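Protein chains in written order, with the working numbering: chain A, 182 to 296; chain B, 3 to 112.
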C-alpha cells in the first residue's frame with residue numbers, strides 16, 4: 182500500500198567509509214522521516230523534514246550524518262564515516278497533510294552492513 | 003519518555019486459529035498505527051486507530067485511550083500472516099515522529 186521508494190535495498194561498507202541512501206516519498210507527502218531499526222528490533226528516530234526544512238533531528242544525526250530533502254530530487258541520508266554500530270535497517274517514511282493524525286507510510290528500507 | 007510495550011513477544015499458531023496482540027503505552031497519543039513487518043524488513047501499515055474499534059479484512063483493532071492500551075485481533079490466521087507486528091504511537095511532538103514497540107513475532111504453522 183506504500184509508494185515510498187528507497188534505494189539501494191542493501192549497502193555494504195567498510196568502517197570509515199561514507200554510506201549514502203536515498204528515498205522518494207509518496208507524491209504529495211510534505212513530511213519525510215528517517216528511522217534506524219537495529220537487530221534487536223529497536224527503532225530510533227533520526228531526522229524529519231517538512232518540504233526541504235529539517236523539523237527535528239537527534240544529536241547523533243546532527244554530528245555524524247548528512248541529510249537533505251531537496252525539491253524535485255530524492256531525499257538522502259549519508260553517514261559520513263561508517264562505524265560497526267551503524268549496521269542496521271534504515272527506513273524512510275512519509276506522511277500527508279493530515280497533521281497530527283496523518284498516518285506514516287514506509288519504504289522497504291536500506292539494510293546497511295558495516296564490515 | 004514515552005514507552006510502548008507489546009505482548010506477547012512471540013506467538014505460534016496453527017493455521018485457522020485467531021491471534022490477539024496487545025500494545026500498552028505510557029501516555030495517551032495523538033495517533034496509533036499497527037504495522038506488519040515481513041521477514042525481509044518491509045513495513046506495511048495495517049490500521050490507524052487512535053481510539054475506538056476499526057476493521058479491515060481479518061484484522062480488528064480496539065484502542066481504549068483512557069486505559070492506554072490497544073489490541074490487534076487477527077482472525078483465521080494464515081501462514082502468510084507470519085512476521086512481526088509492531089505498534090507505534092505519535093504524540094504530536096515536533097514533526098510527529100513515531101515511537102515503536104519491540105513487536106510481536108507471529109509464526110503460523112500449516
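All C-beta atoms, glycine included, are put in the ideal place defined by N, C-alpha and C.
This structure is a prediction, so every number in the text was calculated from the model and none was measured.
Exercise. Give me the Cα-Cα distance between residue 126 of chain B and residue 85 of chain B, rounded to the nearest whole angstrom.
Key: The question about residue 126 of chain B has no answer, for chain B in this structure spans 3 to 112.
Quiz item: What do you get for residue 216 of chain A, buried or exposed, if any count of 16 or more other CB atoms within 10 angstroms of its CB means buried?
Solution: For the purposes of this step, residue 216 of chain A is taken as the residue at position 35 of the first chain. Its Cβ being crowded by 16 or more others within 10 Å, residue 216 of chain A is buried.
Quiz item: Does any CB atom of chain B fall closer than 7 Å to the CB of residue 224 of chain A?
Solution: Within the first chain, residue 224 of chain A is the residue found at index 43, counting from 1. At least one chain B Cβ lies under 7 Å of residue 224 of chain A.
Quiz item: Skipping 5 residues on each side, what residues in its chain have a beta carbon closer than 7 Å to that of residue 198 of chain A?
Solution: Here the question's residue 198 of chain A lines up with position 17 in the first chain. Contacts found: 263.
Quiz prompt | Pairwise C-alpha distance: residue 55 of chain B and residue 68 of chain B | solution = Reading the second chain from its first residue, position 66 is the one you call residue 68 of chain B. Reading the second chain from its first residue, position 53 is the one you call residue 55 of chain B. Annotation: residue 68 of chain B to residue 55 of chain B spans about 14 Å, alpha carbon to alpha carbon.
Quiz item: What is the DSSP secondary structure of residue 2 of chain B, reduced to helix, strand or coil?
Solution: The structure shown does not extend to residue 2 of chain B, since chain B is modelled only from 3 to 112, so the question has no answer here.
Practice problem: Output the distance between the C-alpha atoms of residue 244 of chain A and residue 259 of chain A, rounded to the nearest integer angstrom. | Solution: Mapped onto the first chain, residue 244 of chain A falls at position 63. Mapped onto the first chain, residue 259 of chain A falls at position 78. C-alpha separation (whole angstroms): 12 Å.
Quiz item: Among all the DSSP beta bridges, which residues are the ones paired with residue 293 of chain A?
Solution: As a first step, residue 293 of chain A is located in the first chain; it is residue number 112 there, counting from the start. Bridge partners of residue 293 of chain A: A:192, A:269.
Quiz item: Touching or not, the segment 24-36 of chain B and the segment 64-80 of chain B, by the rule of three or more beta carbon pairs under 8 Å?
Solution: yes
Self-check item: Residues near residue 190 of chain A in its chain [Cβ-Cβ closer than 8 Å; skip 5 each side]
Solution: For this step, residue 190 of chain A is matched to residue 9 along the first chain. The answer, listed in chain order, is 289, 290, 291, 292.
Quiz item: Under a Cβ-count criterion, where at least 16 other Cβ atoms within 10 Å of its own Cβ denotes burial, should residue 114 of chain B be classed as buried or exposed?
Solution: Residue 114 of chain B falls outside the range modelled here, since chain B spans only 3 to 112, and no answer is possible.
Quiz item: Grouping DSSP H, G and I as helix and E and B as strand, with all else coil, what is residue 243 of chain A?
Solution: To locate residue 243 of chain A, count along the first chain from 1; it is residue 62. Helix.
Practice problem: Give a yes or no on whether 7 Å exceeds the smallest Cβ distance from residue 298 of chain A to chain B. | Solution: Given that chain A is displayed from residue 182 to residue 296, the structure contains no residue 298 of chain A and the question cannot be resolved.
Quiz item: Using the C-alpha atoms, what's the distance from residue 41 of chain B back to residue 221 of chain A?
Solution: Here the question's residue 221 of chain A lines up with position 40 in the first chain. Here the question's residue 41 of chain B lines up with position 39 in the second chain. Roughly 14 Å separates the two Cα atoms.
Self-check item: Pairwise C-alpha distance: residue 228 of chain A and residue 294 of chain A
Solution: Your numbering for residue 294 of chain A matches position 113 in the first chain. Your numbering for residue 228 of chain A matches position 47 in the first chain. About 20 Å.
Self-check item: For residue 256 of chain A: DSSP bridge partner residues
Solution: For the purposes of this step, residue 256 of chain A is identified with residue 75 of the first chain, where counting begins at 1. In DSSP, residue 256 of chain A forms a bridge with A:204.
Practice problem: Go ahead and label residue 1 of chain B buried or exposed: buried means 16 or more other beta carbons lie within 10 angstroms of its beta carbon, across all protein chains shown. | Solution: Past the boundaries of the shown model lies residue 1 of chain B; chain B is included only from 3 to 112, so the question cannot be answered.
Exercise. Note down, in chain order, all residues in the segment 91-108 of chain B with a beta-carbon under 7 Å from any beta-carbon belonging to chain A.
Key: Within the segment 91-108 of chain B, the residues whose Cβ lies closer than 7 Å to some Cβ of chain A are 92, 94, 96, 97, 98, 99, 100, 102, 104, 105, listed in chain order.
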